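First comes the structure, then the notes that go with it.
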Ligand code: IMP
Ligand code: MG
């Protein structure tokens with residue numbers, strides 16, 4: 005199925021699951037090299053990262069810990085830039101190596117907030133691994149953003165964890181909103 009409809013929006017295929025998995029495998033290999041003997045803590049940002057987090061962690065062979073946080077900041081198809089709160093952040097990050105796992109970095113507001121919260125605990129290092137990045141939407145460079153699966157255009161995407169009004173997270177491929185022409 006190359007085109008799908010979710011509520012009022014039509015979407016077309018952007019990234020197939022195979023392609024996502026291949027890229028994820030490569031990122032995993034790189035992380036295994038970079039974090040050899042360091043026992044990092046992977047922190048997934050819910051809800052969007054749940055599938056990427058699961059597939060990525062299956063590629064990780066170094067000893068590691070895994071946690072999740074939830075941040076509410078996004079409604080509909082446009083980022084509000086308003087961060088409410090982070091829930092469930094582990095409290096023992098002092099002198100640990102942290103890898104934040106995101107589905108997508110859009111404006112970067114969410115990530116800025118999460119990084120600032122984590123840094124309050126004085127971890128040894130903080131890096132970000134995001135499946136997707138919209139470089140043109142990013143408001144300011146994020147130096148911690150070290151691992152990126154795919155750079156995409158400034159368009160709305162859904163599937164593989166990403167939602168449109170709560171729907172579409174279960175799709176195994178990633179779709180982009182069709183522009184009306
Ligand atoms: P940011 O704060 O603008 O970087 O937005 C980050 C969050 O907004 C992501 O973690 C996603 O949950 C959500 N988001 C951003 N762009 C999209 C999109 O194209 N589709 C679905 N969710 C998105
Ligand atoms: Mg997210």
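In the working numbering, the protein residues as written are 5 to 185. Think of the CB as a built atom: it goes at the ideal place given N, C-alpha and C, for glycine as much as any other residue. Predicted model only: the values in this text are computed from it and were never measured.
- DSSP places residue 154 in the uninterrupted beta strand (DSSP E) bounded by 149-155.
- Put simply, of 178, 110 and 122 the residue whose alpha carbon is nearest the alpha carbon of residue 97 is 122.
- The three-state secondary structure of residue 179, taken from DSSP, is strand.
- Exposure of residue 91 is indicated by the presence of fewer than 16 other C-beta atoms within 10 angstroms of its C-beta.
- Close CB contacts of residue 101 within its chain, under the 6 Å cut and outside five residues either way in sequence, are with 42, 44, 128 and 129 (chain order).
- Our two residues, residue 158 and residue 37, have alpha carbons roughly 32 Å apart in a direct line.
- In the structure shown, the three-state DSSP call for residue 12 is coil.
- Taking every protein chain shown into account, the CB of residue 170 has fewer than 16 other CB atoms within 10 angstroms, so this residue is exposed.
- Taking the C-beta atoms as reference points, residue 136 is found nearer than 8 Å to residue 108.
- Residue side-chain check: residue 105 keeps its Cβ at 7 Å or more from all non-hydrogen atoms of ligand 1.
- Looking at the DSSP output, residue 50 sits in a beta bridge with 74.
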